[in-house]
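Scroll down for the structure; my scribbles are underneath it.
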Amino acid sequence: MVVVRPLNLVELADGELVKRAKRGDVGAYEQIVERYREPVFRVAFLVTRSGADAEEAAQDAFVKAHAALGRFRAGAPLRPWLMRIAVNESRNRVRSAARRETLALRAAAGRPPEDADPSPEAALLAAERRRELLAALERLREEDRLAIACRYFLGLSEREAAQVLGWRRGTLKSRLSRALGRLRAELGEEAGT
Amino acid sequence: MSDLERTLQAVGAELEYPATPELAAAVAERVQRRTPPAVRPARRTLAIALALALLGAGAAFAAAPGVRHSVLDWLGLRSVHIERAPKLPALPPGRAAGNLGLGTHTTLAAARSHAGFPLLVPARRPDEVYLAPAPAGKRVALAYQPGRGLPRAHETGLGMLITEFRGRQPHELIRKTLPPGTRARAVSIGGDRGVWIAGRPHEVLYMDADGRIDTDTLRLAGNTLLWSHGGVLVRIEADVPLRSALRIARSMR
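First to last, the protein sequences are chains A and B.
So the first sequence is numbered by the numbering used here: it starts at 24 and just counts up by one.
So the second sequence is numbered by the numbering used here: it starts at 841 and just counts up by one.
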């Protein structure tokens, strides 16, 4: 059997890369960019909902983060720190731009899986329901939408999501709970299900 | 977690994100403009790579002990050192098998008897066989012309190139320098651990018997499957997907 799994081959730990980047090793910083460009770009996209804006915001975020490396606390997690800078960059762009794309699901997601498990959970995953959910999400206020996006779409822990959004953990929790409640109301569900 | 939360997670997994743009080069360029000119990272990285290779495997251990031990020992590829670099050096334009520095043209039978190790050969026999001196015995190169599922590789002009030699550290050291956009994954080939490197071309440096970098063999490699079998380092370079490379690797006897 062939086992294939991704491996960060001989890639240095974040802390070592940061140390080298601080000393002026641009190659080390490039490695950091390569490592985190996806979460940074994606969080920028979830805020701006524009591929072009997200790319600019992500690039600017990495350039600003480089300049701010001196303030990065040794041993702190790098990913949420970079994502937070990207969120700030992205929010500035949202304020100054007009038209936004809406979040879309991949075409493949429109087909219910043929061998779907007939459990209630699986039934909830029906494509129609997911599209409704996205539409309902669009009607939420920005901070509620961002709480949902960071926590569930990007799969961040509460702690990380709070860090990325620059909020206290309690603030994130209450916004998350409010956002879920509004989504349930939009979808005509009873609270607490 | 509630049903709604689970549904949100499922939606997140199916969200259509635009392709993540390549950011590293643009960021590096912008960062470099603000960095004092005394630091020339690309050259410096290569210089360090060369210097470490010149000093030999011992130096590489000293430079990155954690890295070598945790990853290469896990892989069982102790003679291989892989690192990332922002840029690769300019190389002479594409070479054909004859001037790839593969060694002396020979036959498969002669290569088998002179290799000094059990030579692994795929079910599909090579078009040409080369033999070159290596620090611990010989290095054998099996060259395949393009065709029959093996596209012409830009880097070698060949369909496939397989090299094998006894890779016992600290006598032999291969360095692979990966630019951004090149990915490495751990793979397993019939119980042997290996690595698949794909994407943009990467650099291969050989250390010769005297511990010097042989610039004649400095060249770029495309998709590469590299593993170690019974102390012999086997490398397949071909512009094929991982699946095909593994099929070829598993056919080797």
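Here a beta-carbon is modelled for each residue, glycine too, at the ideal position from N, C-alpha and C.
Note that the structure is a prediction, hence the values are computed from the model and not measured.
Counting only beta-carbon separations shorter than 9 Å, does Glu166/A have a partner in chain B?
no
How would you call Pro103/A, buried or exposed, if buried means at least 16 neighbouring beta carbons within 10 angstroms?
buried
Do we get a CB-CB distance below 9 Å when we pair Ala131/A with the residues of chain B?
Annotation note: pLDDT 46 at Ala131/A (below 50); position unreliable, coordinate value reported separately. For Ala131/A, the answer is yes, since a Cβ of chain B falls inside 9 Å of its Cβ.
Ordered along the chain, which non-local residues of its own chain (more than five positions away) have a Cβ less than 7 Å from that of Thr847/B?
none
Return no unless some Cβ of chain B is closer than 9 Å to the Cβ of Leu101/A.
no
Leu912/B: buried (16+ other C-beta within 10 angstroms of its C-beta) or exposed?
Unreliable placement is indicated for Leu912/B, whose pLDDT of 36 sits below 50; the coordinate value is still reported in the next sentence. By the 10 Å Cβ count, Leu912/B comes out buried.
How far does the alpha helix (DSSP H) with Thr71/A in it extend, from its first residue to its last?
49-71
Span of the beta strand (DSSP E) holding Val1072/B?
1072-1078
Pair within 9 Å by beta-carbon distance, Leu199/A and Arg182/A:
no
Can you confirm whether Gly1062/B, when its beta carbon is compared against all beta carbons of chain A, has any partner nearer than 9 Å?
no
Reducing DSSP to helix, strand and coil, say where Trp1067/B ends up.
strand
In this structure, what does DSSP give as the bridge partners for Ser971/B?
It is Leu, not Ser, that sits at residue 971/B in the sequence shown. Its beta-bridge partners are Thr944/B, Val980/B.
Within chain B, partners of Ala127/A - CB distance below 7 Å:
Glu856
How close, in whole Å, do the beta carbons of Leu210/A and Glu151/A come, if the pair is a contact with beta carbons under 8 Å?
About 11 Å separates the two Cβ atoms, so there is no contact after all.
Between the Cα of Glu845/B and those of Glu166/A, Ala84/A, Gly38/A, Leu179/A, spot the shortest distance and give me the residue it belongs to.
Leu179/A
Segment contact flag, the segment 67-82 of chain A with the segment 851-870 of chain B, C-beta cutoff 8 Å, min 3 pairs:
yes
Within-9 Å CB hit, Arg935/B to chain A:
Its pLDDT being 40, under 50, Arg935/B is placed unreliably by the model, and nothing is read from it.
Short CB-CB distance (under 9 Å) between Ala868/B and chain E:
The displayed structure is made up of protein chains A and B, and chain E is not among them.
Between which two residues does the alpha helix (DSSP H) holding Thr1003/B run?
Per DSSP, Thr1003/B belongs to no alpha helix (DSSP H); it is in the beta strand (DSSP E), 1000-1006.
Mapping the DSSP letters down to three states, classify Leu855/B as helix, strand or coil.
strand
State yes or no: is the beta carbon of Ala1038/B nearer than 9 Å to at least one beta carbon in chain A?
no
Can you pull the DSSP bridge partners for Leu990/B?
Gly987/B
Name the residue from Thr947/B, Val1080/B, Ala1089/B, Val871/B whose alpha carbon lies nearest to the alpha carbon of His994/B.
Val1080/B
Any contact between the segment 88-97 of chain A and the segment 71-80 of chain A? By contact I mean 3 or more CB pairs, one from each, below 8 Å.
no
Starting from Ser197/A, follow the alpha helix (DSSP H) in both directions and report where the run begins and ends.
192-209
Here's a check: name, in chain order, each residue in its chain whose Cβ is nearer than 7 Å to the Cβ of Leu959/B, leaving out the five neighbours to either side.
Ala951, Arg952, Val980, Glu1004
How would you label His954/B, buried or exposed, when you count the other beta carbons within 10 angstroms and need 16 or more for buried?
exposed
State the DSSP-derived secondary structure class of Val871/B, mapped to helix, strand or coil.
helix
With a 10 Å radius around its C-beta and 16 neighbouring C-beta atoms as the bar for buried, classify Val1072/B as buried or exposed.
buried
Among the residues of its own chain, which have a CB less than 6 Å from the CB of Gln985/B, if the five just before and after it don't count?
Asp967, Gly999
Near Met106/A, what residues of its chain come up, given a Cβ to Cβ distance below 7 Å and the 5 sequence neighbours on each side ignored?
Pro62, Val63, Val66, Val187
Would you say Val86/A reaches chain B, if we count a Cβ-Cβ gap shorter than 9 Å as a contact?
yes
Establish whether the CB of Leu990/B and some CB of chain A are separated by less than 9 Å.
no
Straight-line CA distance for Ala865/B to Ala983/B?
34 Å
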